[in-house]
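Q: With the sequence shown counted from 1, adding 99 to any position gets you the numbering used here.
Have a look at the structure that comes next, please.
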Amino acid sequence: MQLVLATNNKDKIREITDLLDDLPVSIFTRDDFLEFPDPVEDGETLEDNAIIKATAIRDFCEMPALADDSGLEVDALDGAPGVFSSRYAGEDCTYDDNNRKLLHELKGVPAKKRTARFRCVIAIAWADGSVETVEGSAEGVIAEESAGRQGFGYDPVFYYPPAKKRFSEMTLDEKNVVSHRGRALQKARDLLIERLNQNLPDDMYEE
Ligand code: ITT
């Protein structure tokens, strides 16, 4: 099976390929194509945007496509930045800009009220025209300052209580076990395995 990852985000690509690399699936990324569309993510939900990306890339590359739309929901900010997580501090902002803005918005908010969650929706657009979605989430608390060197995005401010550390203090494997993306990808793996089994030639089932 061939599968193209419908994302421009190299950090996502690292985490996704790590969790899928034991499957008999050839994974392609934007680097494998001379041109790669950058669809407008104008959906109202993570699910809408994941479907927009997966179908646009499936149609352009003519192979099944997997897209990830993810975001951070902070309770004290009524769910912001949510679908706007990548551009919270403005178009073309950096991860650091976003974290600085988030910490500024939460200045003075006590620890108990700094609860938040990462959410991830993965859409797989199949060659037959159908689309399936799965999701995962991870509950945490927004720290008072940035720290840690691993991960990406909001990981330096996302403290995960069960592990007593931030996502930015976890190895790739540790994060993938508990993260929103890791949880969604476990379900996406099941969808891929189901399809792989359907595509097995008949003689594979013979005793
Ligand atoms: P693509 O649309 O090309 O996939 P993107 O980075 O624009 O890349 P999203 O629209 O899904 O992706 O925005 C998700 C943002 O949420 C991302 O840029 C990070 O700022 C944040 N984010 C998502 N997953 C994260 C994670 O595991 N750790 C930290 N921040 C994360």
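From the three backbone atoms N, C-alpha and C, an ideal C-beta is built for every residue, glycine too.
(1) In this structure, does DSSP put C192 in helix, strand or coil?
(2) Can you give the Cα-Cα distance for D195 and R288, rounded to whole angstroms?
(3) Count the other C-beta atoms from every protein chain shown that fall within 10 angstroms of the C-beta of P180, then say buried if there are 16 or more, exposed otherwise.
(4) Can we count L202 as close to ligand 1, meaning its CB is less than 8 Å from some heavy atom?
(5) Cα-Cα, which of V139, K286, R157 and L176 is closest to L104?
(6) Under the assumption that K152 contacts P138 (Cβ atoms under 8 Å), give the Cβ distance between them as a whole number of angstroms.
(7) Give a single yes or no on whether D167 has its beta carbon closer than 8 Å to a heavy atom of ligand 1.
(8) Please tell me whether, using a cut-off of 8 Å, the distance from the CB of N296 to the nearest non-hydrogen atom of ligand 1 is below it.
(9) To the nearest angstrom, how far is the alpha carbon of N108 from that of D191?
(10) Let's test the definition: count the other Cβ atoms within 10 Å of the Cβ of G189 and tell me whether it reaches 16, buried, or not, exposed.
(11) Does the stretch 216-229 come into contact with the stretch 193-208, if we say contact requires no fewer than three beta-carbon pairs (one atom in each stretch) closer than 8 Å?
(12) Would DSSP call D121 helix, strand or coil?
(13) Sort V276, L165 and R113 by Cα distance to L290 and report the nearest one.
(14) CB A283 to CB D117, shorter than 9 Å?
(15) Based on the DSSP output, what are the partners of Q101 in its beta bridges?
(16) Is DSSP giving F266 helix, strand or coil here?
(17) Taking the C-alpha atoms as reference points, what is the distance between D227 and L145?
(18) Would you decide whether F183 is buried or exposed? Buried here means 16 or more other CB atoms lie within 10 Å of its CB.
(19) So, for I292: in the same chain, excluding its five sequence neighbours on each side, which residues have a beta-carbon less than 8 Å away from its beta-carbon?
(20) Out of N298, N275 and R216, which has the shortest C-alpha to C-alpha gap to I241?
(21) So, Q249 versus L271, is the Cβ gap smaller than 9 Å?
A: Short version:
(1) Coil at C192, not helix or strand.
(2) A direct Cα-Cα distance of roughly 32 Å separates D195 from R288.
(3) Buried, because 16 or more other Cβ atoms sit within 10 Å of the Cβ of P180.
(4) It does not: the Cβ of L202 is nowhere closer than 8 Å to a heavy atom of ligand 1.
(5) Answer by Cα proximity: R157.
(6) That belief holds up - the Cβ atoms of K152 and P138 are roughly 6 Å apart, short of 8 Å.
(7) Taking the Cβ of D167 as the reference point, at least one heavy atom of ligand 1 falls within a distance shorter than 8 Å.
(8) Annotation for N296 indicates a beta carbon at 8 Å or more from all heavy atoms of ligand 1.
(9) So the two alpha carbons sit approximately 13 Å from each other.
(10) By the C-beta density criterion, G189 is exposed, having fewer than 16 other C-beta atoms within 10 angstroms.
(11) The stretch 216-229 vs the stretch 193-208: no contact.
(12) Looking at D121 - three-state DSSP - the assignment turns out to be coil, as it is neither helix nor strand.
(13) Here the closest residue by C-alpha is L165.
(14) Remark: C-beta atoms of A283 and D117 do not approach each other more closely than 9 Å.
(15) For Q101, which the question treats as bridged, DSSP gives the partners S125.
(16) Helix.
(17) Near 23 Å, if we compare the C-alpha coordinates of L145 and D227.
(18) Around the CB of F183, fewer than 16 other CB atoms lie within 10 Å, so the residue is classed as exposed.
(19) So the list reads L122, once near-sequence residues are dropped.
(20) For I241, the closest C-alpha among the options N298, N275 and R216 is that of R216.
(21) Contact: yes.
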